[in-house]
Amino acid sequence: MSEFVEECRREWKRLRVADSVANEMAADLAADLAEAEADGASPEQVLGSGAFDPRSFAASWAAARGVIAPPPASLDPRRRTPRLRGTIAVTALIATILVGLALFTGRSGSTQVAVAAPVNVQPVPVPQSPPSAGFRHFPLALNQHAGVLLPAFGLLILLVGVVGLILWVIYWSPWAEPIRAVRRRSSIDDGPGYG
Amino acid sequence: MATTERRRTELLRGVLDLCLLAVMQDGPAYGYEMTKRLRARGLSIVGEGSIYPLLGRLERDGLVETHRAASNGGPPRKYYEASAEGRRRLADGVSEWRAARDAVDGVLGPVETGVAS
Chain X
-2 MSEFVEECRR EWKRLRVADS VANEMAADLA ADLAEAEADG ASPEQVLGSG AFDPRSFAAS
58 WAAARGVIAP PPASLDPRRR TPRLRGTIAV TALIATILVG LALFTGRSGS TQVAVAAPVN
118 VQPVPVPQSP PSAGFRHFPL ALNQHAGVLL PAFGLLILLV GVVGLILWVI YWSPWAEPIR
178 AVRRRSSIDD GPGYG
Chain B
553 MATTERRRTE LLRGVLDLCL LAVMQDGPAY GYEMTKRLRA RGLSIVGEGS IYPLLGRLER
613 DGLVETHRAA SNGGPPRKYY EASAEGRRRL ADGVSEWRAA RDAVDGVLGP VETGVAS
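So the sequence lines, in the order shown, correspond to chains X and B. Numbering-wise (our numbering), the first sequence opens with residue -2 and increments by one. Numbering-wise (our numbering), the second sequence opens with residue 553 and increments by one.
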């Protein structure tokens, strides 16, 4: 049974319960278990199902007593990770919107250069007939083609970015905490113990 | 069997604090001593919980007072006894329990408990 008490001690240490409080709980627990053993009572008769899960038992007891020290906000990974993820998501969405806006309003120059590259291609002269107008206007045709596609593509990206930003504001932003709280409430587990 | 134990645990969940405050009326007691008093009155704590978290909550809420004292030949133990607020809570809780028990008995009382065929 001392192993059980040691497991509890480790859990209290992990939960940053003050040493004096942890020592007191451990001493009481060890004395009770020793007395129960002397009486011929099983640990389950003293601890219930907590006898099979010392960490859960220890956490439940410490929480009920209100002796678990709250972790600093900067060290709490449950707070830090969502904040980092949220920052990355918002940055990506804003970048998407800006790119979409740039393409939609036609301010992107790089695409024009890439599309205009065929201008340097010399058409092979065909003796029977002069180069067709279509061949000569090929770069222009491409530009016109790209001119139609790019704004549409830009609009699509813009819409994706705006919709993503709206969804983020509704479901994942700090202002959406009440909505998340309602969703979490249905999955709260009391854990072991009657308390 | 597991269902029976779970139901029993659920039933006890709301009144075990009253049971602990009640057995403290026999005098201050440490954790295991309270378990023995409960068992002597017919209530065995064999289920999904233990009294320790509940004692912790009672202490946190100011419903019990504690002191350390030597037990019979053993190490010093933490003794619990009901505070004035705890005794008030016990009186209120017992009235609520009796009202609830009577209401439930009114519904369940006429039900035959034999195995249905």
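Virtual Cβ for every residue (Gly too), placed ideally from N, Cα, C.
Between residue i and the rest of its own chain, which residues show a CB-CB distance below 6 Å, the 5 nearest in sequence each way excluded?
| i | result |
| --- | --- |
| residue 40(X) | 48 |
| residue 101(X) | 148, 151, 152, 155 |
| residue 33(X) | 43 |
| residue 663(B) | none |
| residue 158(X) | 90, 93, 94, 97 |
| residue 18(X) | 64 |
| residue 556(B) | none |
| residue 13(X) | 66 |
| residue 1(X) | 51 |
| residue 621(B) | 631 |
Hey, is residue i's beta-carbon within less than 8 Å of any beta-carbon in chain X?
| i | result |
| --- | --- |
| residue 556(B) | no |
| residue 606(B) | yes |
| residue 629(B) | yes |
| residue 635(B) | no |
| residue 626(B) | yes |
Where does residue i fall in DSSP's three states?
| i | result |
| --- | --- |
| residue 631(B) | strand |
| residue 166(X) | helix |
| residue 665(B) | coil |
| residue 616(B) | strand |
| residue 110(X) | At residue 110(X), the pLDDT of 42 sits below 50, so the modelled position is not reliable and the matter cannot be decided from this model. |
| residue 48(X) | helix |
| residue 592(B) | helix |
| residue 59(X) | helix |
| residue 31(X) | helix |
| residue 202(X) | Absent from the structure is residue 202(X), since the part of chain X shown begins at -2 and ends at 192. |
| residue 652(B) | helix |
| residue 581(B) | strand |
| residue 621(B) | strand |
| residue 85(X) | helix |
| residue 2(X) | helix |
| residue 154(X) | helix |
| residue 91(X) | helix |
| residue 103(X) | coil |
| residue 658(B) | helix |
Should residue i be flagged as near chain B, meaning a C-beta pair shorter than 8 Å?
| i | result |
| --- | --- |
| residue 58(X) | yes |
| residue 23(X) | no |
| residue 17(X) | no |
| residue 47(X) | yes |
| residue 8(X) | no |
| residue 33(X) | yes |
| residue 54(X) | yes |
Quick one: which chain B residues come within Cβ less than 7 Å of residue i?
| i | result |
| --- | --- |
| residue 44(X) | 602 |
Name the chain X residues that come within less than 7 Å of residue i, Cβ to Cβ?
| i | result |
| --- | --- |
| residue 611(B) | 62 |
Quick one: which chain B residues come within Cβ less than 9 Å of residue i?
| i | result |
| --- | --- |
| residue 29(X) | 582, 583, 584, 585, 587, 604, 629 |
Applying a beta-carbon distance threshold of less than 8 Å, which residues of chain X neighbour residue i?
| i | result |
| --- | --- |
| residue 703(B) | A query on residue 703(B) cannot be resolved here, the shown segment of chain B reaching from 553 to 669 and no further. |
Using C-beta distances below 7 Å, list every residue in its chain close to residue i, excluding the 5 sequence neighbours before and after it, in chain order.
| i | result |
| --- | --- |
| residue 569(B) | 606, 610 |
| residue 693(B) | Residue 693(B) is absent from the model: chain B starts at 553 and stops at 669. |
| residue 165(X) | 86, 87, 90 |
| residue 589(B) | 575, 578, 581 |
Looking at residue i and the ligand ZN, is the gap between the Cβ and the nearest heavy atom below 7 Å?
| i | result |
| --- | --- |
| residue 596(B) | This structure lacks the ligand ZN, and indeed carries no ligand of any kind. |
Can you name, in chain order, every residue of its own chain whose Cβ lies under 8 Å from the Cβ of residue i, other than the five neighbours on each side?
| i | result |
| --- | --- |
| residue 38(X) | none |
**Prompt:** Is the segment 623 to 638 of chain B close to the segment 582 to 592 of chain B, with three or more CB pairs under 8 Å?
**Reply:** yes
Could you say if the segment 15 to 33 of chain X and the segment 558 to 578 of chain B meet the contact criterion of at least three C-beta pairs nearer than 8 Å?
no
Is the number of C-beta pairs between the segment 158 to 175 of chain X and the segment 553 to 564 of chain B that are closer than 8 Å three or more?
no
- [ ] Take every Cβ of the segment 605 to 618 of chain B, pair it with every Cβ of the segment 647 to 654 of chain B, and state whether three or more of those distances are shorter than 8 Å.
- [x] no
Answer yes if the segment 57 to 64 of chain X comes into contact with the segment 10 to 23 of chain X, meaning at least three C-beta pairs across the two stretches below 8 Å, and no otherwise. yes
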